[in-house]
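Numbering (my numbering), first residue to last: 14 to 103.
Ideal Cβ placement from N, Cα and C applies to all residues, glycine included.
The structure under discussion appears below in the form of C-alpha cells.
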Amino acid sequence: HAPTDYARWFTSRVEYSVTYQSEYEPYILARKDMPAFDERFNGYGGDKTSHTYELSRSGHVLIVVPDAFAIHTSHPPAEWASLSNWTRAW
C-alpha cells in the first residue's frame, strides 16, 4: 500500500494522485462506466491488485481521498499465500 503514503494521507486536507506500483491493492470508488471487475476471481487474492492494475494501465488516475477510509478485518491467510506457492496465479 506504499503509493497511498499513509503519513501524507493522515495530514492531508486535499485529494492527491498516486502512481500504481506492483501489488498495489487499494479499496476504490469508481463510476459505473469504469472497466468491470474480473469476476473470474473467487475467494481471496489477486482481485483488487488485478483491477487496480487494469485501471492504471488504461489511463485512469488513482486519487487518494483524505477524509475517507475503509476498515479491513483480519482473516486467515489464503492457502496459496505460503512462500513456496506465492506465484500460484501468475
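Within 8 Å, strictly: CB atoms of residue i and residue j
i    : j   : result
T65  : Y29 : no
P112 : R26 : This structure cannot speak to residue 112, because the chain is shown only from 14 to 103.
L75  : Y33 : yes
P48  : S69 : no
Neighbourhood of residue i by C-beta, 7 Å cutoff - its chain only, sequence neighbours within 5 removed
i   : result
V77 : T17, W22, E28, Y29, V31
Nearest residue (CA-CA) to residue i, options the options
i   : options            : result
F54 : H73, Y19, P39, S63 : S63
E67 : S35, H14, Y19, A15 : S35
A43 : H73, G59, H14      : H73
Bridge partner(s) assigned by DSSP for residue i
i   : result
Y19 : Partner(s): none; Y19 has no beta bridge.
Y29 : V77
Beta-carbon proximity list for residue i, same chain, < 8 Å, skipping 5 on both sides
i   : result
A15 : Q34, Y37
A83 : Y40
H85 : Y40
Close Cβ partners of residue i (< 6 Å) along its chain, the five nearest in sequence each way excluded
i   : result
V50 : Note that residue 50 corresponds to Phe in the displayed sequence, not to Val. Hits under 6 Å: H64.
K61 : E38
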